[in-house]
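Counting from 1 along the sequence shown, just add 165 to a position and that's the residue number in our numbering.
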Amino acid sequence: MNDAKSYVPPFEVGRALEGAAVGEVVASGADSHRPGDLVLHNLGWREFALLPAAQARTLDPTAGADPAAYLGVLGVTGFTAYVGLLDIAEFKAGEVVYVSAAAGAVGSIAGQIAKLRGAATVIGSAGTPEKVARLLELGFDAAFDYHEGTVRDQLRAAAPDGIDVYFDNVGGHHLAAAIAALRPFGRVAMCGAISQYNAAAPDGVDNLTLVIGKRLTLRGFIVLDHGGRRKEFVSEMSGWLRSGAVRYDETTVDGLENAPDAFLSLLRGGNVGKMIVRLTD
Ligand SMILES: NC(=O)c1ccc[n+]([C@@H]2O[C@H](COP(=O)([O-])OP(=O)(O)OC[C@H]3O[C@@H](n4cnc5c(N)ncnc54)[C@H](OP(=O)(O)O)[C@@H]3O)[C@@H](O)[C@H]2O)c1
């Protein structure tokens, strides 16, 4: 949100925030869009948005998906999990995978994709016992609450022979623990570092030199660069959703006026799965 150079322009005081939204067309001057159509666009955080038709992708009403799914499992978050695991971490069947913030929108899908693609073991960490229980229901082989001991100890207990892939949503101590647990030639998809976003000083990673001897790959990515994989993702994920192979959670908050609190709650772990704000009349 600050004015540091980033892949998105800094937020400006007094201007509405951008963010993915599903909306209903109420008026249109374009033949391609009719009132009543549901569209995906990027001018969330407002009740009405005026935008060029090309920036509003019409959702297929016959696809049978819950419209909010286009913001989560079938949208950017599901796509982030897909690209991060398969392309960035180059996950292969038979490997051991660790996912942090695993009960969140991206993490819960990354772990399930790893299982569906033949992972030997998928381990997830999360911030409450309820989230840990949910991960086991979703098919994770092991899960732990990072408040109940160090991540290093709990990860070692869950994967005594080490891990091959770490899907990093958290950074800090979680990343350090994963570097310690990674086997030679292991890979890290550096997706996010939520433990660091508001930290006054970065903390946690004190063992980066292990990357050399273990020949590890740590690779950051931004999903926006991977549009070329969207079609494959949508096709494969739609199939998994239809068959029930992938399940997803949403935490819904009502009212645009509650969006700031929803956002802050996300940073404190108040969500399971995708945090959605639903506009009310
Ligand atoms: N690279 C990309 O293109 C891309 C795209 C989308 C998202 N992301 C990143 O991916 C990550 C996940 O995003 P998301 O939208 O799926 O969010 P999310 O995981 O649904 O929500 C964030 C979760 O992070 C956990 N968390 C918050 N503070 C934490 C801390 N200090 N230590 C450990 N866990 C903490 C909380 O769960 P607990 O209760 O488990 O703590 C919270 O529920 C974020 O870091 C986000 O910035 C990256």
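Built from N, CA and C at the ideal position, the CB exists for glycine as well.
Note that this is a predicted model, so its numbers are computed, not measured.
Judged by DSSP secondary structure, residue 318 falls within the alpha helix (DSSP H) whose first and last residues are 316-323.
In this structure, DSSP gives residue 227 a helical state, which the three-state scheme calls helix.
In this structure, residue 418 keeps its C-beta atom at 9 angstroms or more from the C-beta atom of residue 295. With 16 or more other Cβ atoms from the protein chains shown falling within 10 Å of its own Cβ, residue 240 counts as buried. Straight across, the Cα-Cα distance linking residue 263 with residue 276 is about 8 angstroms. Residue 344 and residue 208 have their C-alpha atoms spaced approximately 38 angstroms apart.
Set against 8 angstroms, the gap from the CB of residue 241 to the closest heavy atom of ligand 1 is smaller. If one requires a minimum length of 4 residues, the alpha helix (DSSP H) runs lying completely within the segment 322-349 are 337-346, in chain order. Residue 260 sits buried, since 16 or more C-beta atoms from the chains shown fall within 10 Å of its C-beta. If you compare the alpha carbons of 351, 248, 430, 422 with that of residue 397, the shortest gap goes to 248. Scanning the segment 231-289 from its first residue to its last, the whole beta strand (DSSP E) runs of 3-plus residues come out as 261-264. DSSP places residue 218 in the helix class (H, G or I) of the three-state scheme. For residue 442, the CB contacts under 6 angstroms within the same chain, skipping 5 residues up- and downstream, are 418, 424, 427 in chain order. The beta-carbon separation of residue 439 and residue 236, rounded to 6 angstroms, stays under the 8 angstroms limit for a contact. Residue 369 and residue 411 have their alpha carbons spaced roughly 33 angstroms apart. For the set 431, 246, 229, the Cα lying nearest the Cα of residue 332 is the one of 246. Counting other Cβ atoms within 10 Å of its Cβ, residue 318 stays below 16 and is therefore classed as exposed. Within 10 angstroms of the beta-carbon of residue 299 lie 16 or more other beta-carbons, which makes it buried.
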